[in-house]
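**Q** These protein sequence lines are chains A and B, in that order. Using the numbering used here, you'd call the opening residue of the first sequence number 165 and step up by one each time. Using the numbering used here, you'd call the opening residue of the second sequence number 165 and step up by one each time.
2 protein chains.
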Amino acid sequence: MGESAPGHELPLRLFAAFRAAVDAVHDDLARAGHEHLRPMHGFVFQAIGTRGTTAVELGARLGVSKQAAGKTIAALERQGYVERAPDPHDARRKAVRLTDAGRDVLDRSARTFARVRAQWADTLGPDRLERLEADLADLTPGEIWRLDAPGWFGPER
Amino acid sequence: MGESAPGHELPLRLFAAFRAAVDAVHDDLARAGHEHLRPMHGFVFQAIGTRGTTAVELGARLGVSKQAAGKTIAALERQGYVERAPDPHDARRKAVRLTDAGRDVLDRSARTFARVRAQWADTLGPDRLERLEADLADLTPGEIWRLDAPGWFGPER
DNA sequence: CCATGATCGACAACCAGGTTTACTATATGG
DNA sequence: CCATATAGTAAACCTGGTTGTCGATCATGG
Chain A
165 MGESAPGHEL PLRLFAAFRA AVDAVHDDLA RAGHEHLRPM HGFVFQAIGT RGTTAVELGA
225 RLGVSKQAAG KTIAALERQG YVERAPDPHD ARRKAVRLTD AGRDVLDRSA RTFARVRAQW
285 ADTLGPDRLE RLEADLADLT PGEIWRLDAP GWFGPER
Chain B
165 MGESAPGHEL PLRLFAAFRA AVDAVHDDLA RAGHEHLRPM HGFVFQAIGT RGTTAVELGA
225 RLGVSKQAAG KTIAALERQG YVERAPDPHD ARRKAVRLTD AGRDVLDRSA RTFARVRAQW
285 ADTLGPDRLE RLEADLADLT PGEIWRLDAP GWFGPER
């Protein structure tokens with residue numbers, strides 16, 4: 165019964181693994197010319213997605229205010245990752261869509277995540293990796309698609 | 165071979181589990197009167213530890229500049245979590261140590277992490293949990309004690 | 001013994017990314 | 001037709017990073 169490791173070892177290992185995958189993605193992105201993207205931007209690009217979004221919707225997905233989402237969109241627009249166009253059906257809305265550069269980020273991220281998963285399958289063997297995924301799913305049921313890490317981590321409140 | 169889930173599912177599950185543990189800790193901390201602590205502070209308290217530290221050392225552990233560490237220390241001092249005392253052996257240094265309130269945060273965090281681990285052992289069974297820990301250790305060898313999440317997540321360079 | 005260089009902590013100016021409050025313009029439903 | 005709700009923007013502010021600079025203190029080599 166004696167657990168020699170301190171209690172925060174498991175959370176730290178979870179975070180380390182998450183971080184290793186994200187670092188791999190951003191290493192690849194940096195090599196592909198996307199130098200200035202930070203880990204947090206991964207959540208933003210996922211939240212925008214190939215279908216596009218709006219400032220309010222993005223804010224809700226990221227767990228931040230619509231104003232913060234608007235600032236993020238403006239910054240990504242300056243960097244050429246998204247473009248805004250008026251919504252033909254609602255003059256209040258501005259549709260935010262990924263440019264080719266933005267889609268490149270999303271595509272490369274997906275490929276690198278897949279590559280990392282393949283490496284992990286190589287290390288553990290496919291069975292243990294699938295078991296690990298299933299166990300994680302049991303521990304955090306339903307929480308998969310939450311992208312509100314920016315609001316979660318920041319100072320806010 | 166066909167993996168239907170998108171590649172970022174596994175990293176997201178890792179992050180979700182990490183986050184569930186940290187949220188449990190901060191829920192308990194909030195109930196114990198430590199209302200305003202953010203997830204990031206967990207790393208700071210761990211980096212200070214029961215043995216204390218200095219601004220330079222804390223900056224190195226957290227992966228931020230010594231100035232940022234100094235600001236963090238000043239903020240925690242205002243909130244009563246740490247106290248500074250001149251180092252008798254080196255008049256340049258100021259020893260930073262946790263107050264009783266700071267030690268309370270550390271103790272409660274450890275207890276809550278242990279409680280979460282026990283809950284997870286209950287969900288998966290002890291064998292699967294230990295296997296999960298071992299697998300995570302295989303995936304991220306040696307990366308356990310890195311506490312530089314603040315610098316990793318933030319905007320910086 | 002002291003001059004030089006390294007180190008520690010602080011301050012200032014700045015930046016990124018959050019917040020709240022307030023506002024305009026546009027939809028929408030009674 | 002008007003009242004209300006919603007989308008986006010702007011301003012002022014906060015936190016927590018950054019770099020550059022600086023005075024004070026230690027450590028070392030001549």
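Just so you know, even glycine gets a beta-carbon here, dropped at the ideal spot from N, CA and C.
Determine, for B:S229, whether the minimum Cβ-Cβ distance to residues of chain A falls below 9 Å.
**A** Output row for B:S229: interface = no.
**Q** With H, G and I counted as helix, E and B as strand and the rest as coil, what does DSSP make of A:E247?
**A** Correct three-state label for A:E247: strand.
**Q** If the cut is a Cβ gap below 9 Å, which residues of chain A does B:L176 touch?
**A** Per Cβ cutoff of 9 Å: F182, Q210, E307, I308, W309, R310, L311.
**Q** Closest to A:L174 by CA distance: which of B:L300, B:L288, B:G171 is it?
**A** If we check each option's Cα against that of A:L174, B:L300 comes out closest.
**Q** Taking B:A185 and B:F317 to be in contact with their CB atoms under 8 Å, please state how far apart those CB atoms are, rounded to whole angstroms.
**A** The pair is not a contact, with the Cβ atoms about 17 Å apart (cut-off 8 Å).
**Q** Among residues of its own chain, excluding the 5 on either side of B:K230, which ones have a beta-carbon nearer than 7 Å to its beta-carbon?
**A** Cβ within range, chain order: A219, V220, G223.
**Q** Count Cβ pairs between the region 190-201 of chain A and the region 271-286 of chain A that sit closer than 8 Å; are there 3 or more?
**A** The region 190-201 of chain A is in contact with the region 271-286 of chain A.
**Q** Measuring only between beta-carbons, confirm whether B:D302 sits less than 9 Å from chain A.
**A** Answer yes: the Cβ-Cβ gap between B:D302 and chain A drops below 9 Å somewhere.
**Q** Using C-beta distances below 7 Å, list every residue in its chain close to B:G206, excluding the 5 sequence neighbours before and after it, in chain order.
**A** Taken in chain order, the residues that qualify are V186, V189, S273.
**Q** Tell me which residue opens and which closes the alpha helix (DSSP H) that B:V260 is part of.
**A** Careful: B:V260 lies outside any alpha helix (DSSP H), inside the beta strand (DSSP E) at 258-262.
**Q** Measure the C-alpha to C-alpha separation of B:A233 and B:G315 and round it to an integer number of angstroms.
**A** Whole-angstrom Cα-Cα distance: 11 Å.
**Q** Could you check if B:E297 belongs to the surroundings of the ligand ZN, using beta carbon to heavy atom distance under 8 Å?
**A** Looking at this structure, you won't find the ligand ZN or any other ligand, since it has none at all.
**Q** Can you name the residues that DSSP bridges to B:T276?
**A** Partner(s): none; B:T276 has no beta bridge.
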